[in-house]
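Engineer:
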Amino acid sequence: MANHGIRVSGVDKSFGRGEARTTVLKHTDFGAETGRLTMLVGPSGCGKTTLLSIIAGTLQADGGEIEVLGQRLDRMGANAVARFRARHLGFIFQQFNLIPTLTALENVSVPLLIQKVDYRVAEQKARDALAWVGIADHADFRPAKMSGGQQQRVAIARALVHDPPVILCDEPTSSLDSENGRMVMGLLRRAAERPDRVVLVVTHDNRTYGFADRMAEMEDGRIHRVLETQQEIQRHHPVGV
Amino acid sequence: MIRIALKMLFGDRAKYVMLISGITFATLLMAQGMSLFCGLMTWTFSTLRNVSAPVWVADPMVEQVGDNLPLRDTDTDRVRSVEGVAWAVPLYQGNLQARLADGTSKLVTLVGLDAATLIGAPADLLAGRIDDLRMPNTVILDEYGVERFSAGRERPIGVGDVFEINDREARIVAICRVHRSFTGGPYVFTTYDRATQYAPNVRKMLSYVLASPRDGVSAEVLARRITGETGLRAFTESELMWSTIWWYIRNTGIPINVGTIVIIGFIIGAAISGQTFYSFVLENTRHFAALRAMGASSGELSAMLLVQALVVGFIGFGVGLGAVAFLGTNLLRLGRVPFLMLWQVPAIVAGAVMLIVMISAALGINRIARLEPAIVFR
Ligand SMILES: Nc1ncnc2c1ncn2[C@@H]1O[C@H](COP(=O)(O)OP(=O)(O)O)[C@@H](O)[C@H]1O
Ligand SMILES: [Mg+2]
Numbered sequence: 334m335a336n337h338g339i340r341v342s343g344v345d346k347s348f349g350r351g352e353a354r355t356t357v358l359k360h361t362d363f364g365a366e367t368g369r370l371t372m373l374v375g376p377s378g379c380g381k382t383t384l385l386s387i388i389a390g391t392l393q394a395d396g397g398e399i400e401v402l403g404q405r406l407d408r409m410g411a412n413a414v415a416r417f418r419a420r421h422l423g424f425i426f427q428q429f430n431l432i433p434t435l436t437a438l439e440n441v442s443v444p445l446l447i448q449k450v451d452y453r454v455a456e457q458k459a460r461d462a463l464a465w466v467g468i469a470d471h472a473d474f475r476p477a478k479m480s481g482g483q484q485q486r487v488a489i490a491r492a493l494v495h496d497p498p499v500i501l502c503d504e505p506t507s508s509l510d511s512e513n514g515r516m517v518m519g520l521l522r523r524a525a526e527r528p529d530r531v532v533l534v535v536t537h538d539n540r541t542y543g544f545a546d547r548m549a550e551m552e553d554g555r556i557h558r559v560l561e562t563q564q565e566i567q568r569h570h571p572v573g574v
Numbered sequence: 138m139i140r141i142a143l144k145m146l147f148g149d150r151a152k153y154v155m156l157i158s159g160i161t162f163a164t165l166l167m168a169q170g171m172s173l174f175c176g177l178m179t180w181t182f183s184t185l186r187n188v189s190a191p192v193w194v195a196d197p198m199v200e201q202v203g204d205n206l207p208l209r210d211t212d213t214d215r216v217r218s219v220e221g222v223a224w225a226v227p228l229y230q231g232n233l234q235a236r237l238a239d240g241t242s243k244l245v246t247l248v249g250l251d252a253a254t255l256i257g258a259p260a261d262l263l264a265g266r267i268d269d270l271r272m273p274n275t276v277i278l279d280e281y282g283v284e285r286f287s288a289g290r291e292r293p294i295g296v297g298d299v300f301e302i303n304d305r306e307a308r309i310v311a312i313c314r315v316h317r318s319f320t321g322g323p324y325v326f327t328t329y330d331r332a333t334q335y336a337p338n339v340r341k342m343l344s345y346v347l348a349s350p351r352d353g354v355s356a357e358v359l360a361r362r363i364t365g366e367t368g369l370r371a372f373t374e375s376e377l378m379w380s381t382i383w384w385y386i387r388n389t390g391i392p393i394n395v396g397t398i399v400i401i402g403f404i405i406g407a408a409i410s411g412q413t414f415y416s417f418v419l420e421n422t423r424h425f426a427a428l429r430a431m432g433a434s435s436g437e438l439s440a441m442l443l444v445q446a447l448v449v450g451f452i453g454f455g456v457g458l459g460a461v462a463f464l465g466t467n468l469l470r471l472g473r474v475p476f477l478m479l480w481q482v483p484a485i486v487a488g489a490v491m492l493i494v495m496i497s498a499a500l501g502i503n504r505i506a507r508l509e510p511a512i513v514f515r
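Respectively, the protein sequence lines represent chains A and B. If you're matching positions, the first sequence starts at 334 in the working numbering and goes up one per residue. If you're matching positions, the second sequence starts at 138 in the working numbering and goes up one per residue.
1. Drop a sphere of 10 angstroms on the beta-carbon of lysine 478/A, count the other beta-carbons inside from all chains shown, and report buried for 16 or more, exposed for fewer.
2. Can you grab the Cα-Cα spacing for the pair phenylalanine 451/B / valine 490/B, in whole Å?
3. In three-state terms, what does DSSP make of methionine 334/A?
4. Only counting runs of 4 or more residues, tell me where the alpha helix (DSSP H) segments fall wholly within the region 148–191 of chain B, in order along the chain.
5. Quick one: what does DSSP say leucine 560/A is sitting in, helix, strand or coil?
6. Can you list the residues of chain A that glycine 148/B reaches, using a CB-CB cut of under 9 angstroms?
7. I'd like to confirm something about glutamate 509/B: is its beta-carbon nearer than 8 angstroms to some heavy atom of ligand 1, or not?
8. Please tell me whether arginine 486/A has its Cβ less than 9 angstroms away from any Cβ of chain B.
9. Have a look at leucine 385/A and threonine 413/B and give me their C-alpha separation to the nearest angstrom.
10. If you draw a straight line from the alpha carbon of methionine 272/B to that of alanine 307/B, how long is it in whole angstroms?
11. Among the candidates Ile363/B, Met441/B, Ile493/B, whose CA atom is the shortest distance from the CA of alanine 163/B?
12. Distance check for arginine 423/B and glutamine 563/A, CA to CA, integer angstroms please.
13. Determine the DSSP secondary structure at histidine 421/A, reduced to helix, strand or coil.
14. Per DSSP, what kind of secondary structure is aspartate 279/B in: helix, strand or coil?
15. I need the DSSP call for alanine 311/B, collapsed to helix, strand or coil.
16. Got a sec: does ligand 1 put a non-hydrogen atom nearer than 8 angstroms to the Cβ of arginine 547/A?
17. Check whether the Cβ of aspartate 261/B lies closer than 9 angstroms to any Cβ atom in chain A.
18. Give the list of continuous alpha helix (DSSP H) stretches no shorter than 4 residues that lie fully inside the region 456–530 of chain A.
19. Note down the Cα distance separating isoleucine 465/B from alanine 464/A, rounded to an integer number of angstroms.
20. Please decide whether isoleucine 566/A counts as near chain B, where near means a Cβ-Cβ distance under 9 angstroms.
21. Given proline 497/A, which residues of its chain have a CB within under 6 angstroms of its CB, disregarding the five upstream and five downstream residues?
22. Is it the case that the region 363–370 of chain A contacts the region 546–559 of chain A, given that we only count it when at least three CB pairs across the two stretches are under 8 angstroms?
23. Would you say aspartate 149/B and threonine 434/A are within 9 angstroms of each other, going by their C-beta atoms?
24. CA-CA distance, valine 535/A and glutamate 504/A?
25. Just by C-beta distance, which residues in the region 525–549 of chain A are closer than 7 angstroms to chain B?
26. Going straight from the alpha carbon of asparagine 232/B to that of serine 183/B, what length do you get?
27. Could you please give the first and the last residue of the uninterrupted beta strand (DSSP E) stretch that includes isoleucine 302/B?
28. What residue range is occupied by the uninterrupted alpha helix (DSSP H) comprising asparagine 232/B?
29. If you reduce the DSSP assignment to three classes, tell me which class alanine 348/B lands in.
30. Using C-beta distances below 6 angstroms, list every residue in its chain close to glycine 453/B, excluding the 5 sequence neighbours before and after it, in chain order.
31. Applying the 10 Å Cβ sphere with the 16-neighbour rule, what's the burial state of tryptophan 193/B?
32. Per DSSP, what kind of secondary structure is alanine 499/B in: helix, strand or coil?
If you want it as structure tokens, here you go:
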């Protein structure tokens, strides 16, 4: 499949009804290309996670077009979207969302097991992924026995183990100290080096801005500015790394 | 994914033990209750098992083997005259007080057998000889009677010892092993004529006429024929057994009491297991949502929950049934506790456990189905 990256146009999303109704996304347009690490930044509550969830297909938009890798998610059924996610998407969450009763190795195998890959093959690939993030020696540890930085590395290994062309991260560094935050961003940078891969990082952690190739700034449910180079990013956000 | 499901289950040891205990407890209560019921029911027709005969002829009003509505002495001959009868003999059955040497009295079930044939005499003798029953004033006592009658004696009562029934001497010539009676009174076997002498003087003594069909005639056919020709009520052995069981079910509180135990077992088991399983699912909601976000379908998540619930049910059932079997055999060895685990008992309990498991899984699956996978980003 030709990799067209992510394209979102005219997306609306509201929560609640009647008095309590809040409109989060207002005809939002957004895009992210392959081979670059795109950051989606903006103040808390502006709708970043909502937009990310819609791109991931875990949340349905009220209207608009959502195209990922050339596929129109808004036209697919729930099961097709789930299958699409399993094959093409890797996730990294703020709360690492590792399953506490599984070892690091088992946690990392999960995306492959969801795709019905043989257990042994999955385990080998999981081992390779753990080595890639640099914690092969923690393969048999459960999450509770690992630091936050180590857990997030396991989560990155899990997001990459099935070699997905799209990696979506929501605030991957905000539960970490700055050193671990830099380490995590470094890994994501390396993951983004593949020319056919889209890496989208939602964040409001300005310590990480230096890792971006491109930055979309969101405010009040809309992308109000896109910075296309690291130089531009540094000019507008001088506090960066 | 099944492997992942099992790891999730076994990883949370406290929950898992709690889940298993719920099912184990339910299995225990239900299986124990039903086995108790079956055991009690076999006690109700012990006389039938101890004195075996193909056809039992009784007064038309008799509904269960313990009923005592005497026939006329001539009824034995009337049964004998029915076409297809190979033999027919009288049987006396009654509950009487036995008086021991120390003056105490004990209730016994006295059975009087046809003196000529001794049909229905106990087969399993622990001491003595059946034929000695032809000597005057002799009886056979069951081993339970030995236990009951030996209280306070230096050595247990045995062959050669005497007691009294209605001021008449009863000399023990043999000790037998038979099924215990529902009332708990020991069985005392003697001849029909002697039984009528032991019994307080009433005009009619004949409890049953026992009969057997000739070759080529079935017990059912013969029973129908005897009923038709004599106006008495003839049962085959299994008809009288079921009639007795149903009589006890209709006329005693046993089914209600046992049914209550079984239902309580079911409810408690369902409550503990359902509740624990549901809270297990709630605690893992986030992880199920993460699996969903990573592309697992709702079908796969449901299958995971089902496997988790089934494994819990299977282990809990196994442990519970094992405990009941262990308890049952040890109680049986200890003595007179009604316990009979027919194959139907585990089958029914397995069905009930399956129901509990399915209810629990359905609750969890319903919860997961309403899951917003987007919560993983929160
Ligand atoms: N499920 C929901 N129900 C109601 N309101 C929601 C829901 N999810 C998000 N919101 C609201 O939408 C707005 C944007 O939220 P979010 O996308 O999480 O922002 P961000 O990730 O930029 O901090 C917030 O005001 C939040 O309260
Ligand atoms: Mg957010």
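Ideal placement from N, C-alpha and C gives every residue a C-beta, glycine not left out. Being a predicted model, the structure only gives us computed values, none of them experimental.
Structural biologist: So, to answer that:
1. Translated into the one-based positions of the first sequence, residue 478/A becomes position 145. Burial is judged here by how many other beta carbons sit within 10 angstroms of a residue's own beta carbon; lysine 478/A has fewer than 16 and is exposed.
2. Mapped onto the second sequence, residue 451/B falls at position 314. Mapped onto the second sequence, residue 490/B falls at position 353. Taken atom to atom, the span from the alpha-carbon of phenylalanine 451/B to that of valine 490/B is near 8 angstroms.
3. Start at 1 with the first residue of the first sequence, and residue 334/A comes out as number 1. With a pLDDT of 42 at methionine 334/A, under the threshold of 50, the modelled position of that residue is not reliable, and no figure is offered here.
4. Counting whole runs of 4 or more residues, the region 148–191 of chain B contains the alpha helix (DSSP H) stretches 150–181, 183–187.
5. To locate residue 560/A, count along the first sequence from 1; it is residue 227. The answer is strand: DSSP assigns leucine 560/A an E or B state.
6. Sequence index remark: in the second sequence, residue 148/B carries index 11 (1-based). Identification of chain A residues near glycine 148/B by a Cβ-Cβ cut-off of 9 angstroms yields Ile432, Pro433, Thr434, Leu435, Arg475, ordered along the chain.
7. As a first step, residue 509/B must be located in the second sequence, where it is residue number 372. Yes, the beta carbon of glutamate 509/B sits closer than 8 angstroms to at least one heavy atom of ligand 1.
8. Residue numbering aside, residue 486/A sits at position 153 when the first sequence is read from its first letter. No, arginine 486/A does not count as interfacial toward chain B.
9. Translated into the one-based positions of the first sequence, residue 385/A becomes position 52. Translated into the one-based positions of the second sequence, residue 413/B becomes position 276. The alpha-carbon atoms of leucine 385/A and threonine 413/B are separated by roughly 34 angstroms.
10. Looking up residue 272/B in the second sequence gives position 135. Looking up residue 307/B in the second sequence gives position 170. Rounded to whole angstroms, the separation of the alpha carbons of alanine 307/B and methionine 272/B is 11 angstroms.
11. On the second sequence, position 26 is the one that residue 163/B refers to. Closest by alpha carbon: Ile493/B.
12. Against the first sequence, residue 563/A aligns to sequence position 230. Against the second sequence, residue 423/B aligns to sequence position 286. Whole-angstrom Cα-Cα distance: 36 angstroms.
13. What you label residue 421/A is simply residue 88 of the first sequence in a count that begins at 1. Here histidine 421/A carries a helix assignment [DSSP, helix/strand/coil].
14. Taking the first residue of the second sequence as position 1, residue 279/B is located at position 142. In the structure shown, aspartate 279/B adopts extended strand secondary structure according to DSSP, grouped into three states.
15. Numbered from 1 along the second sequence, position 174 holds the residue referred to as residue 311/B. DSSP places alanine 311/B in strand when its eight states are reduced to three.
16. Taking the first residue of the first sequence as position 1, residue 547/A is located at position 214. It does not: the Cβ of arginine 547/A is nowhere closer than 8 angstroms to a heavy atom of ligand 1.
17. Along the second sequence, read from residue 1 onward, the residue named residue 261/B stands at position 124. No, because no Cβ of chain A sits closer than 9 angstroms to the Cβ of aspartate 261/B.
18. Those alpha helix (DSSP H) runs which fall completely within the region 456–530 of chain A and span 4+ residues are 481–493, 511–525.
19. Locating residue 465/B in the second sequence gives position 328, counting from the first residue. Locating residue 464/A in the first sequence gives position 131, counting from the first residue. Position check: residue 465/B holds glycine in this sequence, whereas isoleucine was assumed. If you take the alpha carbons of glycine 465/B and alanine 464/A, they lie about 57 angstroms apart.
20. Taking the first sequence and counting its residues from 1, one reaches residue 566/A at position 233. No, no contact with chain B.
21. In the first sequence, residue 497/A corresponds to position 164, counting from 1. Contacts found: His421, Leu422, Gly423.
22. Judged by Cβ distances under 8 angstroms, the region 546–559 of chain A makes contact with the region 363–370 of chain A, as three or more pairs qualify.
23. As a working mapping, residue 149/B is identified with position 12 in the second sequence. As a working mapping, residue 434/A is identified with position 101 in the first sequence. Yes, Cβ-Cβ distance for aspartate 149/B and threonine 434/A is below 9 angstroms.
24. Counted from its first residue, the first sequence places residue 535/A at position 202. Counted from its first residue, the first sequence places residue 504/A at position 171. Roughly 5 angstroms between the two C-alpha positions.
25. Listed by position along the chain: nothing, the set is empty.
26. Taking the second sequence and counting its residues from 1, one reaches residue 232/B at position 95. Taking the second sequence and counting its residues from 1, one reaches residue 183/B at position 46. Rounded to the nearest whole angstrom, the CA to CA distance from asparagine 232/B to serine 183/B is 14 angstroms.
27. Numbered from 1 along the second sequence, position 165 holds the residue referred to as residue 302/B. Residue range 299–302 is occupied by the beta strand (DSSP E) that includes isoleucine 302/B.
28. Position 95 of the second sequence, counting from 1, holds the residue named residue 232/B. Per DSSP, asparagine 232/B lies in no alpha helix (DSSP H) segment; the continuous beta strand (DSSP E) that holds it begins and ends at 222–236.
29. Taking the second sequence and counting its residues from 1, the one referred to as residue 348/B is at position 211. Alanine 348/B sits in a strand when the DSSP states are folded into three classes.
30. The count along the second sequence starts at 1 and reaches residue 453/B at position 316. So the list reads Ile157, Ile160, Thr161, once near-sequence residues are dropped.
31. Stepping through the second sequence from its first residue, residue 193/B is reached at position 56. It is buried - the Cβ of tryptophan 193/B has at least 16 other Cβ atoms within 10 Å.
32. Mapped onto the second sequence, residue 499/B falls at position 362. It is helical.
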